[in-house]
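K.L.:
In our numbering, the protein residues as written are 2 to 168.
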Amino acid sequence: MGLFSSDIKTLDDLFVHTLQDIYYAENQIKKALPDMIEKATNRELTAAFKAHLEETEKQIGRLEQAFQLLGKEPKGTTCPAIDGIIKEADETAGEIEDKAVLDAAIVANAQAVEHYEITRYGTLIAWANMLGRSDCASVLQQNLDEEKATDSKLNSMALKRVNRKAA
Ligand code: FE
Ligand code: FE
Ligand code: FE
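Rendered as C-alpha cells:
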C-alpha cells in the first residue's frame with residue numbers, strides 16, 4: 002500500500018486495517034514463542050511462555066470472532082513493527098552465550114512484544130467504542146487483559162529473579 006493509495010479512507014477502514022495488523026502480529030508471535038521457550042533456561046519463564054502460547058492461540062480465535070462480527074474474512078496485513086521486534090530479539094539472543102544473561106534478554110524482548118500488543122489493543126478498543134462496536138471492543142478487551150497480565154508477570158519475574166541472576 003502506497004502513501005497516497007487511499008486504501009484507508011475512514012476510521013472504519015483504519016480500524017479494520019489495524020485489526021489485520023494485530024492479526025498478523027499475533028500469528029507471528031505464535032510462531033516465535035516456541036523458539037523463546039526453547040532458548041529460555043529459567044523454568045518459571047518457560048512455563049510463562051508456554052501458558053502465553055496457549056493464550057495467543059485463543060487470542061487469534063477472538064480476533065477471528067471480531068472479524069466475523071464485522072462481516073469480514075479474517076486476514077492479516079504485514080506488520081513491520083512486530084517483524085522488527087522479533088528480528089531484533091533473534092539477533093540479540095544469537096549473540097549471548099551466558100544462559101542467565103540470555104534469560105534477561107528474552108524477558109526484555111518478550112516485554113517489547115507485549116507492549117506492542119498493548120498499544121494496538123488499547124487503540125482498537127477505543128476506536129471500536131467510538132464506532133459503536135462495543136461487541137468488538139469486549140472481545141478485544143479480553144486479549145488486552147491477557148497481554149497486560151503477561152507483561153506484569155514477566156516484569157515481576159525479571160525484578161525478583163532473572164535480572165539478579167544475570168547480574
Ligand atoms: Fe497476543
Ligand atoms: Fe503494526
Ligand atoms: Fe502477548
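C-beta: ideal position from N, C-alpha, C; glycine also.
Please give the ranges of any alpha helix (DSSP H) in the segment 44–85, keeping only runs that are unbroken, at least 4 residues long and fully inside the region.
P.N.:
Here the runs fully enclosed are 44–70.
K.L.:
Please classify residue 8: does DSSP put it in a helix, a strand, or coil?
P.N.:
Correct three-state label for residue 8: coil.
K.L.:
Does at least one heavy atom of ligand 2 sit under 7 Å from the Cβ of residue 83?
P.N.:
Yes, the beta carbon of residue 83 sits closer than 7 Å to at least one heavy atom of ligand 2.
K.L.:
Using 7 Å as the cut-off, classify the Cβ of residue 11 as near or not near the heavy atoms of ligand 1, replying yes or no.
P.N.:
Checking the Cβ of residue 11 against ligand 1 gives no.
K.L.:
Starting from the C-beta of residue 81, find all residues in its chain whose C-beta is less than 8 Å away, skip the five residues before and the five after it, and write them out in chain order.
P.N.:
Once the five neighbours on either side are set aside, residue 81 has no close Cβ partner at all.
K.L.:
Alpha carbon to alpha carbon, how far is residue 110 from residue 52?
P.N.:
Approximately 17 Å between the Cα atoms of the pair.
K.L.:
Residue 164 and residue 105 look like a contact to me (Cβ under 8 Å); what is the Cβ gap, rounded to whole Å?
P.N.:
Right, their Cβ atoms sit about 6 Å apart.
K.L.:
Under a Cβ-count criterion, where at least 16 other Cβ atoms within 10 Å of its own Cβ denotes burial, should residue 69 be classed as buried or exposed?
P.N.:
Burial call: exposed.
K.L.:
DSSP on residue 96, reduced to helix/strand/coil?
P.N.:
In the structure shown, residue 96 sits in coil (DSSP, three-state: anything other than H, G, I, E or B).
K.L.:
Nearest CA to the CA of residue 162: which residue from 138, 108, 143?
P.N.:
Nearest C-alpha to residue 162: 108.
K.L.:
Classify residue 43 as buried or exposed, calling it buried when 16 or more other Cβ atoms lie within 10 Å of its own Cβ.
P.N.:
Looking at its Cβ environment, which holds 16 or more other Cβ atoms inside 10 Å, residue 43 is buried.
K.L.:
Using the Cβ count rule (16 or more neighbours within 10 Å means buried), how would you classify residue 125?
P.N.:
By the 10 Å Cβ count, residue 125 comes out buried.
K.L.:
In three-state terms, what does DSSP make of residue 120?
P.N.:
Residue 120 falls in the helix class under three-state DSSP.
K.L.:
What whole-angstrom Cβ distance do residue 87 and residue 29 have, given they're in contact under 8 Å?
P.N.:
6 Å between Cβ atoms; contact.
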